[in-house]
Amino acid sequence: MSTNVSDIYGSLVFNEHVMAERLPSVTYKALMRTIERGEPLDIEVANVVAHSMKEWAIEHGATHYTHWFQPLTGMTSEKHDSFLDPISDGRALPNGGLRATFEARGYTAWDPTSYAFIKDEVLCIPTAFCSYTGEALDEKTPLLRSMAAIEEQANRVLALFGEKRRRIDVTIGCEQEYFLISEEQYKQRLDLMLTNRTLFGYAPCKGQELDDHYFGAIRPTVNEFMKELDDELWKLGVPAKTKHNEVAPAQHELAPIFENANRAIDHNLLTMEKMRLIASRHGLVCLQHEKPFAGINGSGKHDNWSLAAGGRNLLEPGENPMENLRFLVFLTCVIEAVDEYQELLRMSAASAGNDHRLGANEAPPAIVSIFLGSELSGIVDALVNDHESEYESADKIAMDLGVSVLPAFLIDNTDRNRTSPFAFTGNKFEFRMPGSSQNLSETNTILNTAVSKSLKDFADAMDGLTGEAFEKAALAHIKQLLKDHSRIIFDGNGYSEEWQAEAARRGLVNLPTTADAMPALISQKSIDLFEEFGILTEAEVRSRYEVKLEKYNKLINIEARTCKRMVRQLYLPAIADYAAEVAANIGKVHAVSPDADLSPQEHILAKLNRGVKVIDDLLIQLDETHHRVRAIPDQQECANENASKVVPLMDALRAEVDALEIVVSANHWPVPSYNDILFYA
Ligand code: ADP
Ligand code: MG
């Protein structure tokens, strides 16, 4: 099926190339000014684009169109409208419904920085979704605002370096991890179907210890899935680049080539949707939950982040002293931002699913820290302590702006610490906390806004300085900032217990659950940050907080109900059945061989009977607690109780059921085991 990539790439996208071909040249130029420089879109221009977009879509087989947007709950939303208007004589005419899309005061506003595309015969128009009073009702609007904020502040900093104003791109590469399992087994697991994760299941005999899945060949079914996925994504202009098996059995990853934040996130959401859809055509189910299986790796979504000015990466050390000073300024501003707003960043990765992943197998802990790598840490050290550290050129760094040495150091910054939640990887930062099921808009909105704040403070402090005075002041400022924020830098093993203690000593926050993390969103400091840069008003922030908490509480409620249902209707009956069979067998054997030693069977029977009792007791406790907690009207309080009482009770119940899974005969067990699910075909 795979054809030449360049033949199909972007064939279903109304991109720059198509627009250049089809739009009158004045319209095209005006639109490009909007896309590239953020100039307001004139209604006349918009109407011409709308018309041309519709013609193009119909020529390419589209029958419907939709305003494709990112609601606060769920991933993407669409309501299809037909292009057709039936008229009285039985014919139908294409309608002009697209026009509403471009009306600035409207409910939905076209985001011209992300191209329209055709998906399943529907023209999808990426849209920002606002109320008539201008309140952001979606994830894209604040993201776009944060991109504008960072563009403004980054340009102020670049101006200090004598650089002219440029378009600033936030560049993002979202690595997407996921599991693929057989649909047949999926359908036999109520927990997977309703909660996207297994609420029960004893560890498989073989886990990920051999690394054979990671390095092994991709299985044929999975390969077919990946090929089809690539083809479909390429047609949609999604730069899917790398696909491979991941560490856990049945786990895989897709990494795209980085793009501007807005497009990268739209493309990630499209990728996730296509994965789910295409899996179903291959008898597979794509699980995007952060922790579908206990005891093996969960799935994350690494947010690779950098800034580019006119296409040039600002987190890349340059070739001369000024360029390296510029690099150090941007680097330091990121470090300051991450330390200052660590709670908010942690909050942005909080979800019911990610609570099971963070701090578990091969996932960063719930504590934010930054990994710089030994070379860069050495430089920071030298700057902070004004002394010659283990790097012989450290005094030079301090004296002539640390410059000549940087490139050689960093080019090969390959010792990557996989245990760090926020790692500098040569020319970008990689935020590894976000979970696989997440929309990365909020994370990047926060990151962009926090960095805007540091850049603004820097530019304010340097106001009016030029030449050598600026260089001196800038270096002194960086040194002070690095001193103030050095606690966030940690190159050691983030998975270790010592780190938890050390982080506490350093005053870094450790917020293990969503319930713990959410209050950071509505702290005065956060609200001030969002308001200072016009990203969200206090009312908007508070409503987001409520929406997220409510979602968390609803998910836990569904999990608790599913958990109870499975125990009552599947596990307890199966265990009781098996116990009855063992008891009957003991009687039968004894009747024939009165002298036989039946203690092993009796032992099993005792275990089963004891287990049923313990499970039943826990079930009653869970039932009572669940009913009490879900009636708590205050969402935060409800979340606190869910995290501290309901989830631990579900875990306890699980442990008891799992313990009996390996006592009860496989024939009696009512659902497929981890062995069945993780090693199909
Ligand atoms: P890993 O070892 O974590 O798999 P890769 O080298 O494969 O890392 O890159 C991970 C992601 O980082 C890719 O999506 C890549 O496009 C992205 N990336 C590379 N450079 C940048 C950049 N300057 N800004 C943002 N993302 C980037
Ligand atoms: Mg990565």
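For the sequence shown, my numbering assigns the number 1349 to the initial residue and increments by one for each residue that follows.
The beta-carbon is built from N, C-alpha and C at its ideal position, and this holds for glycine as well.
No experiment lies behind these values; they were computed from the predicted model shown.
Kindly identify the DSSP beta-bridge partner or partners of residue i.
i	result
residue 1522	1651
residue 1478	1484
residue 1591	1602
residue 1719	1771
residue 1517	1656
residue 1363	For residue 1363, which the question treats as bridged, DSSP gives no partner whatsoever.
residue 1858	1715
residue 1458	1475
residue 1565	None; residue 1565 has no bridge partner.
residue 1530	1632
residue 1661	1656
residue 1466	1471
residue 1837	1718
residue 1431	Answer is none; residue 1431 lacks a bridge partner.
residue 1779	1651 and 1770
When burial is assigned at 16 or more other CB atoms within 10 Å of the CB, is residue i buried or exposed?
i	result
residue 1826	buried
residue 1369	exposed
residue 1377	exposed
residue 1558	exposed
residue 2027	exposed
residue 2030	For the chain, the structure presents residues 1349 to 2029; residue 2030 sits outside this window and is missing.
residue 1564	exposed
residue 1535	exposed
residue 1951	exposed
residue 1574	buried
residue 1391	exposed
residue 1648	buried
residue 1505	buried
residue 1933	exposed
residue 1961	exposed
residue 1917	exposed
residue 1691	buried
residue 1892	buried
residue 1610	buried
residue 1842	buried
Short of 8 Å in beta carbon distance, which residues of its chain neighbour residue i, apart from the five on each side in sequence? Order them along the chain.
i	result
residue 1839	1719, 1720, 1721, 1722, 1725, 1765 and 1768
residue 1915	1963, 1967, 2001 and 2005
residue 2009	1548, 1549, 1550, 2017 and 2021
residue 1355	none
residue 1414	1426, 1427, 1428, 1429, 1470, 1471, 1472 and 1473
Which same chain residues end up closer than 6 Å to residue i when comparing Cβ atoms and leaving out the 5 residues on each side of it in sequence?
i	result
residue 1911	1547 and 1998
residue 1514	1657 and 1658
residue 1871	none
residue 1359	1583
residue 1457	1476
residue 1494	1793, 1796, 1797 and 1883
residue 1779	1651 and 1770
residue 2050	Absent from the model: residue 2050. The displayed extent of the chain is 1349 to 2029, so no value can be given.
residue 1539	1546, 1547 and 1910
If you drop the 5 nearest sequence neighbours on each side, which residues of the same chain put their C-beta closer than 7 Å to that of residue i?
i	result
residue 2023	1552 and 1553
residue 1397	1371, 1375 and 1379
residue 1799	1498, 1681, 1682 and 1685
residue 1622	1577, 1580 and 1581
residue 1670	1509
residue 1977	1986, 1989, 1990, 1993 and 1994
residue 1854	1835
Would residue i count as contacting chain D if we go by Cβ distances under 8 Å?
i	result
residue 1554	Looking at the structure shown, chain D is missing, and only one protein chain is on hand.
* Asked: Which runs of the alpha helix (DSSP H) fall wholly inside the stretch 1784 to 1823 and span at least 4 residues, in chain order?
  -> 1789 to 1809
* At 3 residues or longer, and completely inside the stretch 1606 to 1643: list those beta strand (DSSP E) runs for me, N to C. => 1632 to 1635
* To do: Taking only runs that begin and end inside the stretch 1875 to 1950, name each unbroken alpha helix (DSSP H) of 4 or more residues, in chain order.
  => 1886 to 1914 and 1920 to 1940
* **Every unbroken beta strand (DSSP E) inside the stretch 1396 to 1429 [3 residues or more]** => Restricted to the stretch 1396 to 1429, the beta strand (DSSP E) segments that are unbroken, complete and at least 3 residues in length are 1412 to 1416, listed in chain order.
* **Contiguous beta strand (DSSP E) assignments of at least 3 residues, all confined to the stretch 1532 to 1560** => none
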